[in-house]
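**Q** Listed in order, the protein sequences are those of chains A and B.
For the first sequence, position 56 matches number 56 in our numbering, and the numbering has no gaps at all.
For the second sequence, position 18 matches number 18 in our numbering, and the numbering has no gaps at all.
Could you have a look at this structure, given as structure tokens, before my questions?
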Amino acid sequence: QQNVQQSPESLIVPEGARTSLNCTFSDSASQYFWWYRQHSGKAPKALMSIFSNGEKEEGRFTIHLNKASLHFSLHIRDSQPSDSALYLCAVSTGGADRLTFGKGTQLIIQP
Amino acid sequence: EAAVTQSPRNKVAVTGGKVTLSCNQTNNHNNMYWYRQDTGHGLRLIHYSYGAGSTEKGDIPDGYKASRPSQENFSLILELATPSQTSVYFCASGARLGQDTQYFGPGTRLLVL
């Protein structure tokens, strides 16, 4: 069964700094990798996804994926207070019928 | 924007009672999911469905049943509610398995006394 772990559990970062969140997974056959963001009291919402090794950038957000290391990460450039949220990574195996979520990283951006 | 709604938004139930949580999506997505979220556990999959008439067990199905009577509706049923089922429940829908965004409803906060 897929095991997804996130680190750190929580993080406090000053406004304008770069933030890095990590996710490891156990199933080497995994094919689809997601980051979801959940603001307090709200529903999770998809932020970014990556399906092949390497890097993908969208605005201030970048995903890195290294399948051989069973690791992917989310980097936020110029962090803003509005980025404060619970960040959930999720992994799906190819043809699999589900996503397995990590427990989340609680990110606080201090003005 | 894809739309998923849930009812009720808040529910207080008694131990041993029956609880039904409802979910409706207007995205015409084949796949629907029920998760629960507890502090320290992230999102855990309870049941999911590939389409009308189908239900599948997720990672923590014990104590829960699911029903998918139509493309749009997916219900989660607690036949005999227990205090350990106190949680926030999220429904989600998605198009293709794994590859496409899952769209979440606003959640139902359930308290079992």
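Note that the Cβ used here is the ideal one computed from N, Cα and C, for glycine as well.
Since this is a predicted model, take the numbers as computed values, not measurements.
1. Would B/L76 be called buried (16 or more neighbouring beta carbons within 10 Å of its own) or exposed?
2. Which same chain residues, not among the five before or five after A/Q80, have their C-beta less than 7 Å away from its C-beta?
3. Give the C-beta separation of A/L11 and A/T105 to the nearest angstrom, bearing in mind that I take them to be a contact with Cβ-Cβ under 8 Å.
4. For chain B, find out if any of its Cβ atoms is closer than 7 Å to the Cβ of A/S20; answer yes or no.
5. Could one say the Cβ of A/P44 lies closer than 7 Å to chain B's Cβ atoms, at least one of them?
6. Touching or not, the stretch 37 to 56 of chain A and the stretch 24 to 31 of chain B, by the rule of three or more beta carbon pairs under 8 Å?
7. Please report the Cβ distance between A/G113 and B/G42, rounded to the nearest whole angstrom; I am assuming they are in contact, meaning their Cβ atoms lie under 8 Å.
8. Below 8 Å CB to CB, which residues in the same chain sit around A/V13 once its five sequence neighbours on both sides are set aside?
9. Can you grab the Cα-Cα spacing for the pair A/A90 / A/V4, in whole Å?
10. Threshold first: 3 residues or longer. Then list the beta strand (DSSP E) segments lying entirely within the stretch 27 to 106 of chain A, N to C.
11. For B/S54, does the three-state DSSP call read helix, strand or coil?
12. Express the C-alpha separation of B/A13 and A/Q6 in angstroms, rounding to a whole number.
13. Mind checking which residues open and close the beta strand (DSSP E) that includes A/V13?
14. Anything in chain B within Cβ reach of A/G104, meaning under 7 Å, just list it in chain order.
15. Below 8 Å on the Cβ atoms is my guess for B/Y33 versus B/Y48; work out the distance and round it to an integer in Å.
16. Does the distance from the C-beta atom of A/Y87 to that of B/Q99 stay below 7 Å?
17. Near B/Q71, what residues of its chain come up, given a Cβ to Cβ distance below 6 Å and the 5 sequence neighbours on each side ignored?
18. Which partner residues does B/V88 have in the DSSP bridge list?
19. Can you find the residues in the same chain that come closer than 6 Å, C-beta to C-beta, to A/S119, ignoring five residues on each side of it along the sequence?
20. What in chain A is Cβ-close to B/Q102, meaning under 9 Å?
21. Taking a Cβ distance cut-off of 8 Å, strictly less, list which residues of the stretch 44 to 65 of chain B are near chain A, in chain order.
22. For B/P106, would you say it is in contact with chain A, using Cβ-to-Cβ distances shorter than 7 Å as the test?
23. Residues of chain A with a CB under 8 Å from the CB of B/F90: which are they?
**A** Judging by the given coordinates:
1. Locating residue 76 of chain B in the second sequence gives position 76, where the first residue counts as 1. When all chains shown are included, B/L76 counts as buried.
2. Your numbering for residue 80 of chain A matches position 80 in the first sequence. Closer than 7 Å at Cβ, skipping near neighbours: E15 and I109.
3. Translated into positions along the first sequence, residue 11 of chain A becomes position 11. Translated into positions along the first sequence, residue 105 of chain A becomes position 105. At roughly 6 Å, the Cβ-Cβ gap stays under 8 Å, so A/L11 and A/T105 are in contact.
4. As a working note, residue 20 of chain A is residue 20 in the first sequence. Output row for A/S20: interface = no.
5. As a first step, residue 44 of chain A must be located in the first sequence, where it is residue number 44. Yes, A/P44 lies at the interface with chain B (some Cβ there is under 7 Å from its Cβ).
6. no
7. Nothing can be reported for residue 113 of chain A: it is not among the residues displayed for chain A, which extend from 1 to 111.
8. As a first step, residue 13 of chain A is located in the first sequence; it is residue number 13 there, counting from the start. Correct list, in chain order: T19, S79, L107, I108, I109 and Q110.
9. On the first sequence, residue 90 of chain A is found 90 positions in, with the first residue counted as 1. On the first sequence, residue 4 of chain A is found 4 positions in, with the first residue counted as 1. Between A/A90 and A/V4, the C-alpha separation is close to 7 Å.
10. 30 to 38, 45 to 50, 54 to 58, 61 to 66, 71 to 76 and 85 to 93
11. Here residue 54 of chain B refers to the residue found at position 54 when the second sequence is read from its first residue. Reduced to three states, the DSSP call for B/S54 is coil.
12. Along the first sequence, one-based indexing puts residue 6 of chain A at 6. Along the second sequence, one-based indexing puts residue 13 of chain B at 13. About 33 Å.
13. Stepping through the first sequence from its first residue, residue 13 of chain A is reached at position 13. From DSSP, the beta strand (DSSP E) with A/V13 extends over S10 to P14.
14. Start at 1 with the first residue of the first sequence, and residue 104 of chain A comes out as number 104. Within 7 Å Cβ-Cβ: G42.
15. Working through the second sequence from its first residue, we reach residue 33 of chain B at position 33. Working through the second sequence from its first residue, we reach residue 48 of chain B at position 48. Between B/Y48 and B/Y33 the Cβ distance is about 4 Å, and since that is below 8 Å, they are a contact.
16. Here residue 87 of chain A refers to the residue found at position 87 when the first sequence is read from its first residue. Here residue 99 of chain B refers to the residue found at position 99 when the second sequence is read from its first residue. It is not a contact, given that the beta carbons lie outside the stated cut-off.
17. For the purposes of this step, residue 71 of chain B is identified with residue 71 of the second sequence, where counting begins at 1. Contacts found: A52.
18. By one-based count along the second sequence, residue 88 of chain B stands at place 88. Answer by DSSP bridge pairing, in chain order: B/Q37 and B/R109.
19. Any question about residue 119 of chain A goes unanswered here, given that chain A covers just 1 to 111.
20. Counting from one through the second sequence, the residue named residue 102 of chain B turns up at place 102. Those within 9 Å of B/Q102 in chain A are W34, Y36, P44, A46, A90 and L99.
21. R44, L45, Y48, Y50, E56, G58 and D59
22. Within the second sequence, numbered from 1, the residue matching residue 106 of chain B stands at position 106. Yes, B/P106 counts as interfacial toward chain A.
23. Taking the second sequence and counting its residues from 1, one reaches residue 90 of chain B at position 90. Residues of chain A passing the Cβ test: A43 and P44.
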